[in-house]
Amino acid sequence: MLEIRELRPLLAILNEDDKPLEQVASMFLHTFTKSDHFKVGCTICILLEDNLLTSSQRIVSFAILSEVYRIEGTTTNPFLPVFLDALEKGSDLCEKKLIVHLLSAQGANRDVRATTTT
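Laid out in structure tokens, this is it:
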């Protein structure tokens with residue numbers, strides 16, 4: 316779990332709904348060290364699963380969870396079950412479309428890397 320000194324910057328980033336998602340994800344990557352990404356991601360998942368975020372904060376959260384593991388690909392993202400749960404149980408059509416886009420973009424990135432390394 317995050318300490319309060321770590322939670323404040325996370326909540327500030329999640330409130331950056333007026334900026335492009337790529338910029339917000341970049342802010343996240345610069346704010347938290349790579350070794351903290353999983354821990355912070357787990358906190359984001361708790362906030363998502365407990366419905367403690369606004370609609371725009373949820374969008375930002377999914378973008379961050381996707382970006383943190385973008386290079387590794389969809390199947391190695393430890394937060395994939397949270398994406399799938401939101402797709403299955405969620406009611407917000409915009410959120411579902413974003414999740415599908417994020418997951419398919421990660422798969423496409425993995426496919427491009429596989430063809431360039433062979």
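This note's numbering numbers the first residue of the sequence shown as 316 and each following residue consecutively. Ideal Cβ positions, reconstructed from N, Cα and C, are used throughout, including at glycine.
(message) Does Arg-323 come out as helix, strand or coil in the three-state DSSP assignment?
(response) helix
(request) With DSSP as the reference, label Ser-370 as helix, strand or coil. (result) helix
(message) Let me make sure I understand the geometry here. Which of Asn-392, Glu-387 and Ser-370 has the alpha-carbon closest to that of Leu-413?
(response) Ser-370
(request) Would you kindly check if the distance between the Cβ of Leu-408 and the Cβ of Phe-394 is under 7 Å? (result) no
(request) From the DSSP output, in three-state form, read off Gly-356 for me. (result) helix
(request) For Leu-362, collect the residues of the same chain with a Cβ closer than 6 Å to its Cβ; drop the 5 residues on either side in sequence, then sort them by chain order. (result) Leu-368
(request) Go ahead and pull the three-state DSSP assignment for Asp-333. (result) coil
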